[in-house]
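**Student:**
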Amino acid sequence: MIITITLNPAIDKTIELLDFRPGQVNRIQKARQDIGGKGINVSKALGSLDLTSTALGFLGGVYKEEFKEKLKQYNIKDFLTLIEDETRVNIKIVDLESKEVTDINDLGPTISETEINNFLMKFENKVRKEDIVVISGSLPRGIDIDFYKILISKAKASGAFIIFDADGSALREGLKAEPHIIKPNIHELEGLAGMKLKSDYEIIKCCKEIIKTGVEKIIVSLGEKGSILVDKDKAYKVSGQKVEVKSTVGAGDSMVAAIAYGLNKGLDDKEILCLAQAMGVASVKREGTRAPKSTHIKNQLKIARKNIKEIKYDEFIKNGYE
Numbered sequence: 001m002i003i004t005i006t007l008n009p010a011i012d013k014t015i016e017l018l019d020f021r022p023g024q025v026n027r028i029q030k031a032r033q034d035i036g037g038k039g040i041n042v043s044k045a046l047g048s049l050d051l052t053s054t055a056l057g058f059l060g061g062v063y064k065e066e067f068k069e070k071l072k073q074y075n076i077k078d079f080l081t082l083i084e085d086e087t088r089v090n091i092k093i094v095d096l097e098s099k100e101v102t103d104i105n106d107l108g109p110t111i112s113e114t115e116i117n118n119f120l121m122k123f124e125n126k127v128r129k130e131d132i133v134v135i136s137g138s139l140p141r142g143i144d145i146d147f148y149k150i151l152i153s154k155a156k157a158s159g160a161f162i163i164f165d166a167d168g169s170a171l172r173e174g175l176k177a178e179p180h181i182i183k184p185n186i187h188e189l190e191g192l193a194g195m196k197l198k199s200d201y202e203i204i205k206c207c208k209e210i211i212k213t214g215v216e217k218i219i220v221s222l223g224e225k226g227s228i229l230v231d232k233d234k235a236y237k238v239s240g241q242k243v244e245v246k247s248t249v250g251a252g253d254s255m256v257a258a259i260a261y262g263l264n265k266g267l268d269d270k271e272i273l274c275l276a277q278a279m280g281v282a283s284v285k286r287e288g289t290r291a292p293k294s295t296h297i298k299n300q301l302k303i304a305r306k307n308i309k310e311i312k313y314d315e316f317i318k319n320g321y322e
């Protein structure tokens with residue numbers, strides 16, 4: 001079973017304007033509303049690969065029934081914990097002329113101690129040996145910064161396999177529990193490193209240092225420059241490509257979905273990285289936080305398979321990064 005954890009889900013409203021002018025009246029050309037939050041986006045993307053997943057997290061407020069109905073439409077099993085406060089609403093303003101996206105993100109709900117305990121009971125009852133558990137996204141108010149560390153430890157104690165995708169202090173704390181796989185983007189990895197990473201070799205060196213702390217595998221998304229997979233023995237890179245970008249929201253989540261899918265299907269590391277790259281590119285070709293199209297995924301997978309290479313460790317050493 002694949003379980004996704006979204007502690008801070010959202011209703012994502014995407015508004016498209018011809019020429020966004022702050023401080024003036026703007027007329028909407030097109031609008032759409034999606035359910036979101038990083039783990040929910042992972043579940044949606046898994047649906048594009050014909051895999052059903054179970055969603056855990058918190059949900060409340062005026063949109064909860066709409067949210068639950070959308071989960072059914074996406075064939076996502078609903079195991080969310082209901083809360084008194086309002087699930088956040090995020091607004092994305094897309095300027096069709098400049099291609100710029102302005103994000104206005106809600107503060108989100110405050111979670112009570114009772115609601116946290118209710119969630120933990122569901123979590124402990126649901127997670128089983130050999131489950132793949134995706135833990136991702138931001139922490140809502142009321143949740144301590146070490147909460148991901150607690151969840152990872154509990155899931156590992158149950159024999160589950162953990163994919164972890166967060167940033168900042170939540171990422172640092174979660175790493176202390178040694179998740180099996182993490183998927184930072186380059187900016188999040190640089191945040192862990194405390195410095196700019198200017199080459200593939202510097203990225204690999206940073207990943208190797210993190211792996212020494214207990215993580216088994218790291219997949220780094222590099223935007224249009226591609227993606228890199230590193231474990232203690234090897235490193236692969238899929239070079240990127242320029243495509244028409246409609247929305248970058250959810251691209252990293254689609255990559256996480258590919259990792260979960262690959263583990264579920266027993267794919268090797270090269271194929272997992274190729275699929276992750278394909279899913280990420282296919283995702284940016286869709287508006288809002290819509291899941292990638294299967295036809296786009298198949299086309300991008302063919303390209304990724306042609307563009308993957310192993311970065312040999314003898315080259316790594318030669319370049320002075322051992």
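Be aware that the sequence shown starts at 1, since it is given in the numbering used here, and climbs by one per residue. Even for Gly, the Cβ is constructed at its ideal location relative to N, Cα and C. The model shown is predicted, which means the values in this text are computed figures rather than measured ones.
(1) What number of angstroms, rounded off, separates the C-alpha of Gly191 from the C-alpha of Arg172?
(2) Out of curiosity, what's the CA-to-CA distance linking Ser112 and Gly39?
(3) Output yes or no for whether 9 Å exceeds the beta carbon distance between Lys77 and Ala55.
(4) Could you name the residues that DSSP lists as bridge partners for Asn90?
(5) Where does Asp95 fall in DSSP's three states?
(6) Return the CA-CA distance between Arg32 and Lys13, expressed in angstroms with no decimal places.
(7) Mapping DSSP to helix, strand and coil, what is Gln73?
(8) Can you name the start and end residues of the beta strand (DSSP E) that Glu310 belongs to?
(9) Is it true that the CB of Ile182 sits closer than 9 Å to the CB of Asp200?
(10) Are Thr114 and Asp85 close, meaning C-beta to C-beta below 9 Å?
(11) Rounding to the nearest angstrom, what Cα-Cα distance links Val281 and Asn118 in this structure?
(12) Run the proximity test for Glu66: is its beta-carbon closer than 8 Å to any non-hydrogen atom belonging to the ligand NAD?
(13) Assuming the contact rule is C-beta atoms closer than 8 Å, Ser294 and Ser43 should be a hit. Round their C-beta distance to whole Å, please.
(14) What's the gap between the Cα of Ile28 and the Cα of Val101?
(15) Would you call the segment 135-155 and the segment 268-284 in contact, with 3 or more CB pairs under 8 Å?
(16) Would you identify the three-state DSSP class for Arg128, choosing helix, strand or coil?
(17) Report back the beta-carbon spacing between Val215 and Pro179 to the nearest angstrom; my notes put them in contact at under 8 Å.
**Tutor:** This is what the structure holds:
(1) 10 Å
(2) 21 Å
(3) yes
(4) Asp12
(5) strand
(6) 6 Å
(7) helix
(8) 308-310
(9) no
(10) no
(11) 37 Å
(12) No copy of the ligand NAD appears in this structure; indeed no ligand is present at all.
(13) Rounded, the Cβ-Cβ distance is 16 Å, inconsistent with contact.
(14) 14 Å
(15) no
(16) coil
(17) 6 Å
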